[in-house]
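*Asks:*
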Amino acid sequence: MSIHKHSSDEAVARNDGPTKASLSVIIPVYNEEQSIPDLLARLLPVLLSLDRSFEIVAVNDGSRDNSLNLLIAALDSLPNLRIIDFRRNFGQTAAMMAGIDHAKGKIIVAIDADLQNDPDDIPLLLAKLDEGYDVASGWRKDRMDAAIRRNFVSRVANRLISWISGVHLHDYGCTLKAYRADVLKGVRLYGEMHRFIPIYAAWMGGRVAEVPVRHHPRKFGNSNYGLERVLKVVLDLIVVKFLDRYLVKPIYVFGSFGALALATSAVTFVWMIAIKFAWGISMISTPLPLVVVMTFLIGILSILLGLLAEIMVRTYFESQKRTHYLVREIYSSEFEK
Ligand code: UDP
Ligand code: MG
1 MSIHKHSSDE AVARNDGPTK ASLSVIIPVY NEEQSIPDLL ARLLPVLLSL DRSFEIVAVN
61 DGSRDNSLNL LIAALDSLPN LRIIDFRRNF GQTAAMMAGI DHAKGKIIVA IDADLQNDPD
121 DIPLLLAKLD EGYDVASGWR KDRMDAAIRR NFVSRVANRL ISWISGVHLH DYGCTLKAYR
181 ADVLKGVRLY GEMHRFIPIY AAWMGGRVAE VPVRHHPRKF GNSNYGLERV LKVVLDLIVV
241 KFLDRYLVKP IYVFGSFGAL ALATSAVTFV WMIAIKFAWG ISMISTPLPL VVVMTFLIGI
301 LSILLGLLAE IMVRTYFESQ KRTHYLVREI YSSEFEK
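As structure tokens, then:
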């Protein structure tokens, strides 16, 4: 391995062995000064033991403590470290998205900065990908967070997500996951959506596996999240499900309804004519002509509405190309800017 000589990109590009895909490890960092030295010290031997090229993409999500300086200090000893420094705090999902946007590896691993995830579990996840899965999702079987505040609530949230999404995992919220980078293509994450990556992947035909991983209590500081996150997660899930999943083709929904209305109009019209010719009974003074006209107009209007919605959905997806974060600076050992 030549990682000590080369820059992060070169390390990824040159050491991309014939069998083992290159790896990008994404770490979202928000006020983690007490964990960073320990984290990097524990992560590095694991990554070196993998026998594949790797880079670390640390995203400093507007930390107000010394996190950024500690990361910058680590650049000297870690040539394949890249630091994406946000202008302010944008949240863990934005940090993950930035990491994914900047990652060069064919495999992406995300891990918490606070050492609640165990770097030693990374090889387990990679082994799952080597088995042919596209996503290996960490499952914190023994969750080490405060009982009621996190464990109970998240159990309910996980059930709900499983039920709504139709993609059945035990633990969506675990940051420690490994992905093939190509299943993330086109996925834009915002709000709380980083935890839905396996769901997106499954919807796109990806194979998803869950791998039990260790979980440690937070040693320093507090969780940056509270109860309101569960509500946000559920609301985001509804957006994901109905905007990204079903309203991708609104013309199917509005168009089918419109076609049904037009068919009703036509059948009613033909029936009126038939009765007139067969039995000489005029239907003109019944409500039927009104039904014909109304269903005809409703049919035309809903098809037009479908077209309009189609335009809006396209604009919506187009607008998702903008990033949901702002980068102040990118640091890497070779002064890449
Ligand atoms: N994090 C972040 N931005 C935020 C909040 C958290 O980048 O606004 C990072 C944080 O530094 C950690 C990970 O996301 O690496 C998980 O955060 P936390 O430990 O607070 O969440 P929990 O473990 O309670 O789910
Ligand atoms: Mg944590």
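Residue numbers for the sequence shown follow full-length UniProt numbering, beginning at 1 and rising by one.
In this text, a Cβ means the ideal position worked out from N, Cα and C, and glycines have one as well.
Indicate, with yes or no, if ligand 2 has a heavy atom lying under 8 Å from the CB of Q34.
*Replies:* Locating residue 34 in the sequence shown gives position 34, counting from the first residue. Outside the cutoff, so no.
*Asks:* Quick one: residues in its chain with C-beta nearer than 8 Å to the C-beta of V46, no 5 flanking neighbours on either side, listed in chain order?
*Replies:* Position 46 of the sequence shown holds residue 46. Once the five neighbours on either side are set aside, the close Cβ partners of V46 are P119, D120, I122 and P123.
*Asks:* By alpha-carbon positions, which one of G205, I164, L260 and I303 ends up nearest to K249?
*Replies:* Numbered from 1 along the sequence shown, position 249 holds the residue referred to as residue 249. Nearest C-alpha to K249: I303.
*Asks:* Could you work out which residue in R180, R155, I83 and L43 is closest to E131 when comparing CA atoms only?
*Replies:* The residue labelled residue 131 in the question sits at position 131 within the sequence shown. Ranking the options by Cα distance to E131, first place goes to R180.
*Asks:* Can you find a heavy atom of ligand 2 that lies under 8 Å from the Cβ of D112?
*Replies:* Stepping through the sequence shown from its first residue, residue 112 is reached at position 112. D112: yes, Cβ under 8 Å from ligand 2.
*Asks:* Give the DSSP-derived three-state secondary structure of D145 in the structure shown.
*Replies:* Residue 145 sits at position 145 when you count from the first residue of the sequence shown. Coil, per DSSP.
*Asks:* Within 8 Å: the Cβ of S333 and any heavy atom of ligand 3?
*Replies:* This structure simply doesn't include ligand 3; it includes ligand 1 and ligand 2 instead.
*Asks:* What residue from S282, Y190 and Y325 has the CA that sits closest to F86's CA?
*Replies:* Position 86 of the sequence shown, counted from the start, is the residue given in the question as residue 86. Comparing Cα positions, the closest option is Y325.
*Asks:* Within 10 angstroms of the Cβ of T286, are there 16 or more other Cβ atoms? Answer buried if so, exposed if not.
*Replies:* Indexing the sequence shown from 1 puts residue 286 at position 286. Looking at its Cβ environment, which holds fewer than 16 other Cβ atoms inside 10 Å, T286 is exposed.
*Asks:* Does the distance between the C-beta of S223 and the nearest non-hydrogen atom of ligand 2 fall short of 8 Å?
*Replies:* Residue 223 sits at position 223 when you count from the first residue of the sequence shown. At least one heavy atom of ligand 2 is nearer than 8 Å to the Cβ of S223, so yes.
*Asks:* Given this structure, state the Cα-to-Cα distance separating N80 from L237, to the nearest angstrom.
*Replies:* The residue given as residue 80 occupies position 80 in the sequence shown. The residue given as residue 237 occupies position 237 in the sequence shown. The straight-line gap from Cα to Cα measures roughly 35 Å.
*Asks:* Return yes when the C-beta of G91 is under 8 Å from any heavy atom of ligand 1, and no when it is not.
*Replies:* For the purposes of this step, residue 91 is identified with residue 91 of the sequence shown, where counting begins at 1. Yes; taking the cut-off as 8 Å, the Cβ of G91 has a heavy atom of ligand 1 nearer than that.
*Asks:* According to DSSP, is L237 helix, strand or coil?
*Replies:* Along the sequence shown, one-based indexing puts residue 237 at 237. Helix at L237.
*Asks:* If I follow the unbroken alpha helix (DSSP H) through D101, where does it start and stop?
*Replies:* Sequence index remark: in the sequence shown, residue 101 carries index 101 (1-based). That run of the alpha helix (DSSP H) goes Q92 to H102.
*Asks:* Compare the C-alpha of R207 against each of V230, I108, A136 and H215 and name the closest.
*Replies:* Taking the first residue of the sequence shown as position 1, residue 207 is located at position 207. Checking every option, the nearest Cα to that of R207 belongs to A136.
*Asks:* In angstroms, rounded to a whole number, what distance separates the CA positions of L176 and R314?
*Replies:* Here residue 176 refers to the residue found at position 176 when the sequence shown is read from its first residue. Here residue 314 refers to the residue found at position 314 when the sequence shown is read from its first residue. Spanning the two alpha carbons is a distance of roughly 33 Å.
*Asks:* Can you tell me whether P37 is buried or exposed? The criterion is at least 16 other CB atoms within 10 Å of its CB, across all chains shown.
*Replies:* Locating residue 37 in the sequence shown gives position 37, where the first residue counts as 1. The residue in question, P37, is exposed, as its Cβ has fewer than 16 Cβ neighbours within 10 Å.
*Asks:* Output the boundary residues of the alpha helix (DSSP H) element that contains V267.
*Replies:* As a position in the sequence shown, residue 267 is number 267, starting the count at 1. P250 to W279 is the span of the alpha helix (DSSP H), which, as asked, contains V267.
*Asks:* From what residue to what residue does the beta strand (DSSP E) around R328 run?
*Replies:* Stepping through the sequence shown from its first residue, residue 328 is reached at position 328. Segment V327 to S332, the beta strand (DSSP E) holding R328.
*Asks:* Could you please give the first and the last residue of the uninterrupted alpha helix (DSSP H) stretch that includes P123?
*Replies:* Along the sequence shown, read from residue 1 onward, the residue named residue 123 stands at position 123. Start and end: I122 to D130.
*Asks:* Please give the ranges of any alpha helix (DSSP H) in the segment 20–93, keeping only runs that are unbroken, at least 4 residues long and fully inside the region.
*Replies:* If we require 4 residues or more, the alpha helix (DSSP H) runs fully inside the segment 20–93 come out as 36–48 and 67–74.
*Asks:* Contact check, A178 vs L126 under 8 Å by CB: the rounded distance?
*Replies:* Working through the sequence shown from its first residue, we reach residue 178 at position 178. Working through the sequence shown from its first residue, we reach residue 126 at position 126. Their Cβ separation, rounded to whole angstroms, is 6 Å, which keeps A178 and L126 in contact under 8 Å.
*Asks:* Determine the direct distance from the alpha carbon of L184 to that of D61, and round the result to whole angstroms.
*Replies:* Sequence index remark: in the sequence shown, residue 61 carries index 61 (1-based). Sequence index remark: in the sequence shown, residue 184 carries index 184 (1-based). Cα-Cα distance, rounded: 21 Å.
*Asks:* Return the chain-ordered list of same chain residues with a C-beta closer than 7 Å to the C-beta of A113, the five sequence neighbours on each side being excluded.
*Replies:* Here residue 113 refers to the residue found at position 113 when the sequence shown is read from its first residue. Closer than 7 Å at Cβ, skipping near neighbours: I27, P28, V29, E32, S35, I36 and L39.
*Asks:* Is R328 a contact residue of ligand 1, with contact defined as CB to any heavy atom under 8 Å?
*Replies:* Along the sequence shown, one-based indexing puts residue 328 at 328. False, no ligand heavy atom lies under 8 Å from that Cβ.
*Asks:* Using alpha carbons as the reference points, say which of Q116, I164, A263 and A110 lies closest to V233.
*Replies:* Counting from 1 along the sequence shown, the entry for residue 233 is found at position 233. If we check each option's Cα against that of V233, I164 comes out closest.
*Asks:* Looking only at C-alpha atoms, which of V109, G205, V211 and L288 sits nearest to K141?
*Replies:* In the sequence shown, counting from the first residue as 1, residue 141 sits at position 141. Comparing Cα positions, the closest option is V211.
*Asks:* Since S137 sits in a beta bridge, which residues does DSSP pair it with?
*Replies:* Walking along the sequence shown from the start, residue 137 turns up at place 137. Beta-bridge pairing links S137 to K177 and E210.
*Asks:* Compute the beta-carbon to beta-carbon distance between S333 and L75, rounded to the nearest angstrom, for a pair I have assumed lies under 8 Å.
*Replies:* Counted from its first residue, the sequence shown places residue 333 at position 333. Counted from its first residue, the sequence shown places residue 75 at position 75. Yes, they are in contact, since the Cβ atoms of S333 and L75 sit about 5 Å apart, within 8 Å.
*Asks:* Closer than 8 Å to a non-hydrogen atom of ligand 1 - does that hold for the CB of T175?
*Replies:* Your numbering for residue 175 matches position 175 in the sequence shown. T175: yes, Cβ under 8 Å from ligand 1.
*Asks:* Taking the CB atoms as reference points, tell me whether F254 and G306 lie closer together than 9 Å.
*Replies:* Residue 254 sits at position 254 when you count from the first residue of the sequence shown. Residue 306 sits at position 306 when you count from the first residue of the sequence shown. Yes.
*Asks:* From the DSSP output, in three-state form, read off A201 for me.
*Replies:* Counting from one through the sequence shown, the residue named residue 201 turns up at place 201. Correct three-state label for A201: helix.
*Asks:* Cα-Cα, which of M193, F220 and K241 is closest to G173?
*Replies:* Looking up residue 173 in the sequence shown gives position 173. The shortest C-alpha separation from G173 is found at M193.
*Asks:* Could you say which of T295, F220, R214 and M272 lies nearest to L138 if we only look at CA atoms?
*Replies:* The residue labelled residue 138 in the question sits at position 138 within the sequence shown. The sequence shown places Gly at residue 138, rather than the Leu named in the question. Out of T295, F220, R214 and M272, R214 has the C-alpha closest to the C-alpha of G138.
*Asks:* Please state whether DSSP places V292 in a helix, a strand or coil.
*Replies:* To locate residue 292, count along the sequence shown from 1; it is residue 292. The answer is helix: DSSP assigns V292 an H, G or I state.
*Asks:* Would you kindly report the start and end of the unbroken beta strand (DSSP E) that includes I108?
*Replies:* As a working note, residue 108 is residue 108 in the sequence shown. Unbroken beta strand (DSSP E) run through I108: I107 to A110.
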